[in-house]
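Working notes, structure below.
Structure (structure tokens):
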């Protein structure tokens, strides 16, 4: 079975803190994705990566950055957390050229 | 610009009846469509997909229909079971891209009543 693991299920941070969300997949997938899920807005793509050290902006990249130093790991960074970044964050991965994405369980982040 | 739309935020059906979830899209370059199911506090899980060369794909109780001329797809669940209660997302991709990027709809919350 494909496994996508997100390091934390719940996080509470203060405004202005630097926040790291980690995601690891064990299926040697080329593609990795970060989404946020908000009520009524569905899943919105923040960043994705199709290879090590490669990254592309998604639909809502402002306030976020990413890092992919190893194929299995994709990190989402909030440089200075703000209250409007309170959300559910979902990581996903897929094989190159194929469209079925496999998701982690999500990290619910609260920024106070 | 919402390229994939699920206009019904919620749907309630009786156990044993049919559930029909709808999805509309605007981008004619989309050629592969997927449905995901999401329980609270879990990540979405892949349910069923369809390529644009087909108009129907069936997997057990789940059938997806694609109407390319109307840019519309639907997911039918027959018979519906209480365990099907979840949020359902449709998603679309343009196959020319090899990054596997998906565009998701807003989701429809299905409640199946016993």
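Residue numbers (the numbering used here), protein chains in the order written: chain A, 70 to 181; chain B, 8 to 121.
We put the CB at the ideal spot given by N, CA and C, even for glycine.
**Item:** Closest Cα partner of residue 100 of chain A within the set A:180, A:80, A:119
**Value:** Comparing alpha carbon positions, the residue from A:180, A:80, A:119 closest to residue 100 of chain A is A:119.
**Request:** Using alpha carbons as the reference points, say which of A:80, A:129, A:86 lies closest to residue 150 of chain A.
**Result:** Answer by Cα proximity: A:86.
**residue 39 of chain B at chain A interface by Cβ criterion, 8 Å** = Cβ-Cβ to chain A under 8 Å: yes for residue 39 of chain B.
**Request:** From the DSSP output, in three-state form, read off residue 153 of chain A for me.
**Result:** Reduced to three states, the DSSP call for residue 153 of chain A is helix.
**Request:** Give the interface partners of residue 163 of chain A over in chain B, defined as CB-CB distance under 7 Å, in chain order.
**Result:** Neighbours of residue 163 of chain A in chain B, taken as residues at a C-beta separation under 7 Å, are given in chain order as 107.
**Prompt:** Which runs of the beta strand (DSSP E), 3 residues or longer, sit entirely within the region 44–75 of chain B?
**Reply:** Listed in chain order, the beta strand (DSSP E) runs fully inside the region 44–75 of chain B are 52–58, 63–66, 69–74, counting runs of at least 3 residues.
**Message:** Rounded to whole angstroms, what is the Cα-Cα separation between residue 122 of chain A and residue 102 of chain A?
**Reply:** Linking residue 122 of chain A to residue 102 of chain A through their CA atoms gives a straight-line distance of about 13 Å.
**Asked** How about residue 109 of chain A and residue 16 of chain B: are their beta carbons less than 8 Å apart?
**Response** Yes, Cβ-Cβ distance for residue 109 of chain A and residue 16 of chain B is below 8 Å.
**Request:** Evaluate the contact criterion for the region 36–43 of chain B versus the region 71–82 of chain B: three or more CB pairs, one atom per stretch, below 8 Å.
**Result:** Contact between the region 36–43 of chain B and the region 71–82 of chain B is present, because at least three Cβ pairs lie under 8 Å.
**Asked** residue 89 of chain A CB to nearest chain B CB: under 8 Å?
**Response** Chain B contact via Cβ: absent.
**Asked** Which two residues bound the contiguous beta strand (DSSP E) that contains residue 150 of chain B?
**Response** Beyond the ends of chain B as shown, which are 8 and 121, falls residue 150 of chain B; an answer cannot be given.
**Item:** Enclosing beta strand (DSSP E) for residue 101 of chain A [first to last residue]
**Value:** 100–107 is the extent of the beta strand (DSSP E) around residue 101 of chain A.
**Message:** Helix, strand or coil, according to DSSP, for residue 90 of chain B in the structure here?
**Reply:** In this structure, residue 90 of chain B counts as helix in the three-state DSSP scheme.
**Message:** According to DSSP, residue 84 of chain A sits in a beta bridge with which residue or residues?
**Reply:** Bridge partners of residue 84 of chain A: none, in fact.
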